[in-house]
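S.K.:
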Amino acid sequence: MFRPSGSGFRQKLTGLTLKGALYGSWILGVFPFTYDSWTRRLHRSKWLIAYGLVLNAGFILLVVTNDTESETPMKMEVFHRNALAEQINSIHDIQFLSMVSMMLLRGFWKSGHIEKILNELQDLQYRHFRHYSSEECRSFDRFVLYKGASVVLEIISMLVLELGMSPILSNQFFIGLTSLCLMILAVLLGASHFHLAVVFIYRYVWTVNRELLRLVNQLANGETVESERIDYLLNLYHHLLELSNQLASIYDYQMVLVMASFQIANILAIYFFIIYTISLNNKLDFNVLIFLQAVVINIFDFWLNIEVCDLAERTGRQTSSILKLFDDIEHLDKKIERSIADFALFCSHRRLRFHHCGLFYVNYEMGFRMAITSFLYLLFLLQFDFWNL
Amino acid sequence: MSPNTWIVEMPAQKTRSQPYPRRVSPYRTASINRDAFTRDSTAVPEPVPLRNHDYPVFEDIRTILSVLKASGLMPIYEQVSNYEVGPPTKTNEFYSFFVRGAVHALTIFNVYSLFTPISAQLFYSYRETDNVNQWIELLLCILTYTLTVFVCARNTKSMLRIMNEILQLDEEIRRQFGANLNQNFGFSVKFLVGIAACQTYIIVLKIYAVQGVITPTSYILLAFYAVQNGLTATYIVFASALLRIVYIRFHFINELLTKYTYGQQNKRKGGGGRRARGNNNINPNAAIMEHFPEDSLFIYRMHNKLLRIYKGINDCCNLILVSFLGYSFYTVTTNCYNLFVQITAKGMVSPNILQWCFAWLCLHFSLLALLSRSCGLTTKEANATAQILARVYAKCREYQNIIDKFLTKSIKQEVQFTAYGFFAIDNSTLFKIFSAVTTYLVILIQFKQLEDSKTDDPVPEQT
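These protein sequence lines are chains B and V, in that order. Going letter by letter, the first sequence gives residues 4 to 392 in this note's numbering. Going letter by letter, the second sequence gives residues 9 to 471 in this note's numbering.
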């Protein structure tokens, strides 16, 4: 599964990113599985779960005990002006820590299901999709690379933010910073597992689409096509949808929490930025630049989460439009026609969508609404600030 | 970046350009029964003899196309034949490139002058918030236009592909039914004139409003601002015209299908029955109905192609549409706010600002209305095909499986014209924009009241 899909530089880089994510997760204890290369299966390991629990609990404890962050002069200035900002900031801190612990705990709790899904994905790859070349699937490589880049950028921006804004470089600060970075890395890697699984499902659906398109072309050119091939593709599609639903139901709380904390962080960061530069009349300086890059990277990562689900959803919709191409082929065999009708009905009643906690579907529409809502909240917060003046 | 459609993404594209080699037009000779098309069918009853190269394509939207070509937003394509356009020649390509380069250079200059005090004379107002608003508006305008230029430059090839697909479709329709699907696109010219008049009026108003001698930089800034606004608006009109073209094609195939619906067939039967009284053996229905299998295949194919064109247009414009809608929303909000301030201000109503606001509101409202109406019409027509087919279903038992084929694939498959997937653009968009404008208006007014109350009784500095 982690083998590069082609020989190009891009594919090699993608393979490297995937391997990096795998080993990183192993080291940080968020991937409690061992791989048996003989049976090609993953096995849940109790020892790894215990290791992950202890390690991450240690990180959280270190972060809580070595918190020197809130004493930076920039923050003090902002909080001095606006008490509300301080309150919101502390709420965010608590939310963030609870998000981390909830996410990790749920990850370990559901590891049995995750093991099953990953094994099924591997089975699919080995049994069915091994024979199809996926070299042309550029979006797959792109999204894997984006995710890798976003994780690396998040960590770098975190380091820059903490180092750039903090004047006192003590031992305690460094311990706190290291544990904070490792904790965030663990969270990001945990979130990236969902992302990568979605990207894999996207690639399989893409392959199914391509095969369907090939069949249409064959039929249009007057060649014969066996109906079994369509049934086979439908079977695969069904399997993929089933997997995606399970995946969404396992990762829903984690993803909602991660997205919520990203969103809160973004709103807060822009809010602080506006208070700092406009209300307190500070000139644009190095600190502000550091701040802005963190916001930009945060938004990028948040948007990536939405974009990958939207990509999969769009690919699922394309299946329906490809099936429509079968309409205008003359003298279609009865059996094929029935298989295609089956496929079409299946597609229209069950779609590839990611529904989190029964709350919302993750796609561009929802992303847009979230952006609009956060903008409104920002305005309300600013009104409070204005009021305080 | 671009939302990948299966057309772009799938490797089998090459084979799809000639997908149906076996299908030859069955109705090359116009028969009496092929009068299914009502509109314009008398205008060109027979295929026009090929007068190569002298029948210009897209004659209907010639004016708007020439404006866009001159401004570098559309490629200056070569006409290969009556049903094909080719890529632009090197000189023309260079021209477009040059124009776009000049535009970007001007944009950089403008942004520079916006951030420096050179342009300060254009911003005069009683309050700080108003100036900031106007400043943001200018910036948004520049952003929208720059984005339009970039996206157009990137989408040159896909635009040509869409045009070629439309032309191919026309050719097929003409071959099959002898129908010429031209329609009067008078609205585009009217809109062009309206936009130009509105922009001139706004500039004149602005020049009158500025106090003191206007520097050349301000003139350049204003003129370029007007041009940017005008061209963005023109592009929106063009997109609407393209959608209207697609709408006419959808409408054509829907009309074709309507002929087969239960109601129409019954009418025919009644009329035919009266005429053929005493001769019960002849059923005029059957003659028509037996063309259905062939026609339905044609219609399905056309529908698929039209959907592809529709999606192609959406992919080409969606970024531009998002930014235009954002810009338009902002402009409408700020102008409504200004109007409110002017009306509620005690005593000093400035006619200049009132006119300025009204001009902007008119321009943007009409553009938004045009865009949402065209999108709504086209979407409705595209979705209507399945409904019409469902009515045919009741008519004839023997062809039910042909109809089933289409209907099963259309369940819950409504097409939508979206702004980058963020929201669907149709008539409801207008309503949504209005409600959003109201919300933000209230917030802006709250801000204003805060500002006023603060100037009235200043709160002592917090220590």
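For glycine and all other residues, C-beta sits at the position ideal for the given N, C-alpha and C.
To which residues of the same chain is I204 of chain B closer than 7 angstroms at the C-beta, ignoring the five residues directly before and after it?
M.R.: Walking along the first sequence from the start, residue 204 of chain B turns up at place 201. Taken in chain order, the residues that qualify are L243, L246, S247, A315.
S.K.: Give me the Cβ distance between C149 of chain V and A367 of chain V, rounded to the nearest whole Å; I'm assuming they're in contact under 8 angstroms.
M.R.: Position 141 of the second sequence, counted from the start, is the residue given in the question as residue 149 of chain V. Position 359 of the second sequence, counted from the start, is the residue given in the question as residue 367 of chain V. With a Cβ gap of about 15 angstroms, C149 of chain V and A367 of chain V do not count as contacting.
S.K.: Could you tell me the boundaries of the alpha helix (DSSP H) in which T318 of chain B lies?
M.R.: Here residue 318 of chain B corresponds to residue number 315 of the first sequence, with the count starting at 1. Unbroken alpha helix (DSSP H) run through T318 of chain B: 289-327.
S.K.: Note down, in chain order, every chain B residue with its Cβ under 8 angstroms from the Cβ of T416 of chain V.
M.R.: For this step, residue 416 of chain V is matched to residue 408 along the second sequence. By Cβ distance, chain B contributes A344, A347, L348, S351.
S.K.: DSSP three-state call for Y85 of chain V: helix, strand or coil?
M.R.: The residue you call residue 85 of chain V lines up with position 77 of the second sequence. In this structure, Y85 of chain V counts as coil in the three-state DSSP scheme.
S.K.: Under 8 angstroms by Cβ, that's how I've got Y367 of chain B and D313 of chain B pegged, so tell me the actual separation to the nearest angstrom.
M.R.: Locating residue 367 of chain B in the first sequence gives position 364, where the first residue counts as 1. Locating residue 313 of chain B in the first sequence gives position 310, where the first residue counts as 1. Right, their Cβ atoms sit about 5 angstroms apart.
S.K.: Would you tell me roughly how many angstroms separate the C-alpha atoms of N346 of chain V and F439 of chain V, rounded to the nearest one?
M.R.: Here residue 346 of chain V is taken as the residue at index 338 of the second sequence, counted from 1. Here residue 439 of chain V is taken as the residue at index 431 of the second sequence, counted from 1. Rounded to whole angstroms, N346 of chain V to F439 of chain V spans 21 angstroms at the Cα level.
S.K.: Counting only beta-carbon separations shorter than 8 angstroms, does Q454 of chain V have a partner in chain B?
M.R.: Residue numbering aside, residue 454 of chain V sits at position 446 when the second sequence is read from its first letter. True, the Cβ-Cβ gap to chain B drops below 8 angstroms.
S.K.: What runs of the alpha helix (DSSP H), each 4 residues or longer, lie entirely inside the stretch 100-135 of chain B?
M.R.: 114-130
S.K.: Which residues bound the beta strand (DSSP E) around D39 of chain B?
M.R.: The sequence position of residue 39 of chain B within the first sequence is 36, counting from 1. Start and end: 36-39.
S.K.: Please confirm if D330 of chain B has its CB atom under 8 angstroms from at least one CB of chain V.
M.R.: By 1-based counting over the first sequence, the position of residue 330 of chain B is 327. Closer than 8 angstroms to some Cβ of chain V, the Cβ of D330 of chain B qualifies, so yes.
S.K.: When we look at the beta-carbon of D178 of chain V and count the other beta-carbons within 10 Å, is it buried (16 or more) or exposed?
M.R.: The residue you call residue 178 of chain V lines up with position 170 of the second sequence. So D178 of chain V ends up on the buried side.
S.K.: Can you list, in chain order, the residues of its chain whose CB lies under 7 angstroms from that of I91 of chain B, leaving out five sequence neighbours each side?
M.R.: Position 88 of the first sequence, counted from the first residue, corresponds to residue 91 of chain B. For I91 of chain B, where only same-chain residues beyond five positions count, the Cβ hits under 7 angstroms are L271.
S.K.: Three or more beta-carbon pairs under 8 angstroms between the stretch 62-81 of chain V and the stretch 192-212 of chain V, yes or no?
M.R.: Contact holds: three or more Cβ-Cβ distances are below 8 angstroms.
S.K.: Hey, how far is the Cα of Y274 of chain B from the Cα of K456 of chain V?
M.R.: If you number the first sequence from 1, residue 274 of chain B lands on position 271. If you number the second sequence from 1, residue 456 of chain V lands on position 448. Taking the straight line from one Cα to the other gives about 20 angstroms.
S.K.: Could you pull out every residue in the same chain whose Cβ sits closer than 6 angstroms to the Cβ of G384 of chain V, ignoring the five residues on either side in sequence?
M.R.: Numbered from its first residue, the second sequence carries residue 384 of chain V at position 376. Excluding sequence neighbours, G384 of chain V sits near D434, N435.
S.K.: Give the DSSP-derived three-state secondary structure of E342 of chain V in the structure shown.
M.R.: Numbered from its first residue, the second sequence carries residue 342 of chain V at position 334. Here the sequence assigns Thr to residue 342 of chain V, which means Glu is not the residue at that position. If DSSP states are grouped into helix, strand and coil, T342 of chain V belongs with the helices.
S.K.: Exposed or buried, which one is M79 of chain B when buried takes at least 16 other CB atoms within 10 Å?
M.R.: The residue labelled residue 79 of chain B in the question sits at position 76 within the first sequence. M79 of chain B is exposed by the Cβ-count criterion.
S.K.: Give me, in chain order, the residues of the same chain whose beta-carbon lies closer than 6 angstroms to that of T50 of chain V; leave out the 5 immediate sequence neighbours on both sides.
M.R.: The residue you call residue 50 of chain V lines up with position 42 of the second sequence. A caution first: T50 of chain V carries a pLDDT of 34, below 50, which makes its placement in the model too unreliable to give a value.
S.K.: Would you say R309 of chain V faces chain B, with C-beta separation under 8 angstroms as the test?
M.R.: Sequence index remark: in the second sequence, residue 309 of chain V carries index 301 (1-based). Interface annotation, R309 of chain V: in contact with chain B, CB-CB separation under 8 angstroms.
S.K.: With 16 other CB atoms within 10 Å as the buried threshold, where does Y308 of chain V fall?
M.R.: Counting from 1 along the second sequence, the entry for residue 308 of chain V is found at position 300. Buried, because 16 or more other Cβ atoms sit within 10 Å of the Cβ of Y308 of chain V.
S.K.: Going straight from the alpha carbon of I159 of chain B to that of L250 of chain V, what length do you get?
M.R.: Position 156 of the first sequence, counted from the start, is the residue given in the question as residue 159 of chain B. Position 242 of the second sequence, counted from the start, is the residue given in the question as residue 250 of chain V. Cα atoms of I159 of chain B and L250 of chain V: separation of roughly 47 angstroms, rounded to the nearest angstrom.
S.K.: Assign N238 of chain B to buried or exposed, taking buried as 16 or more other Cβ atoms, counted over all protein chains shown, within 10 Å of its Cβ.
M.R.: Residue 238 of chain B sits at position 235 when you count from the first residue of the first sequence. Classification of N238 of chain B: exposed, given that the 10 Å Cβ count is below 16.
S.K.: Cβ closer than 9 angstroms: which chain V residues qualify as neighbours of K327 of chain B?
M.R.: In the first sequence, the residue the question calls residue 327 of chain B occupies position 324. Under the 9 angstroms cutoff, chain V gives Y308, H311, N312, L315, F414, K417, S418, Q421.
S.K.: Considering only DSSP beta bridges, list what Y364 of chain B is partnered with.
M.R.: Locating residue 364 of chain B in the first sequence gives position 361, where the first residue counts as 1. Its beta-bridge partners are B:H358.
S.K.: Is F439 of chain V close to chain B? Criterion is C-beta to C-beta, closer than 8 angstroms.
M.R.: For the purposes of this step, residue 439 of chain V is identified with residue 431 of the second sequence, where counting begins at 1. It does not: the Cβ of F439 of chain V has no partner Cβ on chain B nearer than 8 angstroms.
S.K.: Comparing C-alpha positions only, which one of B:V211, B:L216, B:A223 sits nearest to Y135 of chain B?
M.R.: Translated into the one-based positions of the first sequence, residue 135 of chain B becomes position 132. Nearest of B:V211, B:L216, B:A223 to Y135 of chain B, Cα basis: B:V211.
S.K.: If you compare alpha carbons, which of B:M102, B:L87, B:G18 is closest to F265 of chain B?
M.R.: For this step, residue 265 of chain B is matched to residue 262 along the first sequence. It is B:M102.
S.K.: Listed from N- to C-terminal order along the chain, which residues in the stretch 229-260 of chain V have their beta-carbon within a distance smaller than 9 angstroms of any beta-carbon of chain B?
M.R.: none
S.K.: Kindly indicate the opening and closing residues of the beta strand (DSSP E) around G80 of chain V.
M.R.: Indexing the second sequence from 1 puts residue 80 of chain V at position 72. It is not in any beta strand (DSSP E) - G80 of chain V carries neither H nor E in the DSSP assignment.
S.K.: Strictly by DSSP, which residues pair up with V93 of chain V?
M.R.: Mapped onto the second sequence, residue 93 of chain V falls at position 85. Per DSSP, V:Q87.
S.K.: Assign L172 of chain B to one of three DSSP states: helix, strand, or coil.
M.R.: Here the question's residue 172 of chain B lines up with position 169 in the first sequence. Correct three-state label for L172 of chain B: coil.
S.K.: If you draw a straight line from the alpha carbon of L58 of chain V to that of L215 of chain B, how long is it in whole angstroms?
M.R.: On the second sequence, residue 58 of chain V is found 50 positions in, with the first residue counted as 1. On the first sequence, residue 215 of chain B is found 212 positions in, with the first residue counted as 1. Low per-residue confidence applies at L58 of chain V: pLDDT is 43, beneath 50, and the placement is therefore not dependable, though the value from the model is reported in the following sentence. So the alpha carbons of these two residues sit roughly 38 angstroms apart.
S.K.: Thinking C-beta only, is V93 of chain V closer than 8 angstroms to Y85 of chain V?
M.R.: Locating residue 85 of chain V in the second sequence gives position 77, counting from the first residue. Locating residue 93 of chain V in the second sequence gives position 85, counting from the first residue. For Y85 of chain V and V93 of chain V, yes; Cβs fall inside 8 angstroms.
S.K.: Since S182 of chain B meets chain V, which of its residues come closer than 7 angstroms, beta carbon to beta carbon?
M.R.: Taking the first sequence and counting its residues from 1, the one referred to as residue 182 of chain B is at position 179. Correct list: empty, because the minimum Cβ distance to chain V is about 37 angstroms.
S.K.: For H112 of chain V, which of helix, strand or coil comes out of DSSP?
M.R.: Stepping through the second sequence from its first residue, residue 112 of chain V is reached at position 104. Helix, per DSSP.
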